[in-house]
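Oh and the sequence shown: position 3 is 3 in this note's numbering, straight run, nothing missing.
Every residue gets a Cβ at the ideal spot worked out from N, C-alpha and C, and that includes glycine.
Every value quoted in this text rests on a predicted model; they were computed, and no experiment measured them.
Notes follow once the structure below has been shown.
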Amino acid sequence: MKKMFSITTAVLLLAGVTITKSQVVTPVKCADDELGKYFASTTDCSVYYLCAGSSSPYYWYIGSCPPGLHFNDETSTCDIPSKITHTCGCNEQP
1 MKKMFSITTA VLLLAGVTIT KSQVVTPVKC ADDELGKYFA STTDCSVYYL CAGSSSPYYW
61 YIGSCPPGLH FNDETSTCDI PSKITHTCGC NEQP
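Laid out in C-alpha cells, this is it:
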C-alpha cells in the first residue's frame, strides 16, 4: 500500500494538481474502489476532493488549485477556466 500512496503522490505532481494542506475532510471514509479518484467541489470551482491513504480505511482529502485555476474533473487536473467544458457545481461531492 505504501507503493500505491507513492504512485498517487507522483501522479499528483505530474498532473499539476496541488494539495495545499492535505487536510482530511471531517473524517469521512471513502470506499476502496474510490482510492485515487478525484471529485470536484459543488460549491467552489477551485476545490476538489481526493480519496487517499496508505491503508484501509481511506479518507477524503480536500485540495485546492492555484489562484486563477479551476479543477477540471474530466482530466483530474487544475486548468484555466476557459478550457473546462462543464459548469462548476454540477458534480456531486463525496
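Residue i in three-state terms, based on DSSP
i, result
"D44", "coil"
"S76", "coil"
"P57", "coil"
"L69", "coil"
"K83", "helix"
"C90", "In this prediction, C90 has a pLDDT of 47, which is less than 50 and means its spatial position is unreliable; nothing more can be read from the coordinates."
Cα-Cα separation between residue i and residue j, rounded to whole angstroms
i, j, result
"K21", "D33", "Note that K21 scores a pLDDT of 46, beneath 50, so its modelled location is shaky; the value from the coordinates is reported in the next line. Cα to Cα, the separation comes out at about 24 Å."
"K37", "C51", "6 Å"
"I80", "C65", "10 Å"
"S101", "Y48", "Since the first residue of the chain shown is 1 and the last is 94, residue 101 is not available in this structure."
"T77", "Y61", "15 Å"
"P67", "K83", "16 Å"
"L35", "K29", "10 Å"
Option nearest residue i by Cα separation, candidates the options
i, options, result
"D73", "P66, F39, A31", "F39"
"D44", "Y59, S82, G63", "G63"
"T42", "S82, K83, H70", "H70"
"T75", "P67, T85, G53", "T85"
Pair within 7 Å by beta-carbon distance, residue i and residue j
i, j, result
"Y59", "P27", "yes"
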